[in-house]
Ligand SMILES: [Ca+2]
Ligand SMILES: [Ca+2]
Ligand SMILES: [Ca+2]
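In the numbering used here, the protein residues as written are 356 to 772.
Listed below in structure tokens is the structure:
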């Protein structure tokens with residue numbers, strides 16, 4: 356019945372629209388099977404869940420330089436064996452509603468105001484978390500301009516709190532400001548510099564040892580990327596965090612190095628290594644917070660697809676193998692060796708929630724994760740993703756009585772029209 360309603364709605368919409376209007380729909384379905392993602396068989400995991408996410412996007416161009424964009428999102432989940440539905444579910448609500456003025460290429464500036472999807476660079480610190488059924492978005496202002504060959508993005512944003520059954524509202528106690536600028540420094544190299552400021556009027560929680568407190572937090576950093584340099588790609592990312600965490604000083608850092616090589620042979624293999632480091636807090640009793648704040652990342656992309664790690668108290672060594680045997684098919688074989696920076700801080704999930712607080716003298720080896728994926732794009736409108744992951748528990752988990760390896764399987768199809 357719902358499907359027919361949708362068809363009718365589409366038919367009606369297409370007739371209504373004239374020049375200047377645009378309209379598109381995305382429907383994403385995912386089945387997930389999870390086994391011991393908590394690393395213990397004493398608590399049952401979700402066995403299999405069904406996720407459905409539908410997005411309706413409308414655009415209207417008032418003129419060449421002024422447009423209005425609206426996106427509605429409906430996120431649903433089937434029955435759950437246990438736990439909360441909140442991270443999966445948000446019935447029809449506004450995901451984007453913004454005015455966009457200017458044209459970066461032609462006018463040298465662009466101003467966006469309202470509710471928006473927002474991402475910076477590879478989404479390591481700020482991204483839309485597209486993997487999530489409900490995803491992530493912001494309210495605020497984003498002003499971009501070109502100056503002296505640099506592309507500047509400046510913003511003042513508040514993350515939108517997603518609440519099923521109620522209209523989503525911005526988090527008025529969590530303010531995020533920043534400047535991000537990048538430039539092509541050679542034909543193959545890109546340099547980005549950024550400074551962010553996060554100011555909260557409520558305590559932000561880290562692990563049990565670090566605790567929660569108000570933030571007046573600066574993040575200063577850079578990306579340096581090499582693309583197609585004799586078939587090599589590489590990335591250096593560094594960030595330093597300072598400011599106040601209540602009465603404590605923030606002194607935290609993060610560092611990433613990635614190197615990969617594309618073999619110009621059959622199957623188009625690429626082999627890469629990656630190191631991801633986010634500092635942890637070594638001493639809960641001093642006057643410093645050394646835990647890096649991973650901000651609003653799309654963490655799913657980087658530290659294992661099982662989402663068992665975040666760029667906080669992390670040392671992750673990854674081996675990344677990708678194959679592209681056909682134009683529309685990708686195979687991924689990734690392996691992560693996940694370690695804590697310090698056992699005095701917590702193991703943080705990709706959502707930034709702490710899973711386990713460590714203790715002095717414990718091992719730092721969390722475990723190894725294997726991620727296998729197949730991506731297949733049938734055509735412009737339809738794509739599929741299948742994944743299987745296995746997490747082999749390491750010493751740190753075993754010392755915390757998490758003895759069971761985790762498994763994760765998913766199948767996803769995405770339709771765009
Ligand atoms: Ca379990
Ligand atoms: Ca809602
Ligand atoms: Ca400390």
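The C-beta atom is built at its ideal place from N, Cα and C for all residues, glycine as well.
DSSP links residue 480 through a beta bridge to no other residue. For residue 753, the three-state secondary structure derived from DSSP is helix. Comparing alpha-carbon positions, the option among 445, 377 and 708 lying closest to residue 407 turns out to be 445. By the neighbour-count criterion, in which a residue is buried when 16 or more other Cβ atoms sit within 10 angstroms of its Cβ, residue 766 is exposed. Contact check for residue 644 against residue 679 fails: the beta carbons are separated by 8 Å or more.
Each of 486, 564, 557 and 468 was checked against the Cα of residue 425, and the nearest Cα belongs to 468. Residue 531 is classed as buried because its beta carbon has at least 16 other beta carbons within 10 Å across all chains shown. No heavy atom of ligand 3 is found nearer than 7 Å to the CB of residue 619.
Annotation note: the segment 633-666 contains no uninterrupted alpha helix (DSSP H) run of length 4 or greater. Contact check for residue 665 against residue 607 fails: the beta carbons are separated by 8 Å or more. Look at which beta carbons fall closer than 5 Å to any heavy atom of ligand 3; those residues are 636, 638, 641 and 643. The residues 575, 576 and 608, in chain order, have a CB closer than 7 Å to that of residue 595 in the same chain once the five nearest residues on each side in sequence are set aside. Rounded to whole angstroms, the gap between the alpha carbons of residue 685 and residue 740 is 9 Å.
The alpha carbon of residue 761 has as its nearest neighbour, out of 769, 768 and 752, the alpha carbon of 752. Every residue whose beta carbon comes nearer than 7 Å to a heavy atom of ligand 2 appears here in chain order: 445, 446, 448, 517, 518, 519, 520, 521, 522 and 523. Relative to the non-hydrogen atoms of ligand 1, the Cβ of residue 398 comes within a distance shorter than 7 Å of at least one.
By the Cβ criterion, the segment 620-631 is not in contact with the segment 545-561, since fewer than three pairs of Cβ atoms, one from each stretch, lie closer than 8 Å. Secondary-structure assignment with DSSP links residue 693 through a beta bridge to 671 and 722. Listed in chain order, the beta strand (DSSP E) runs fully inside the segment 466-524 are 493-502 and 505-516, counting runs of at least 3 residues.
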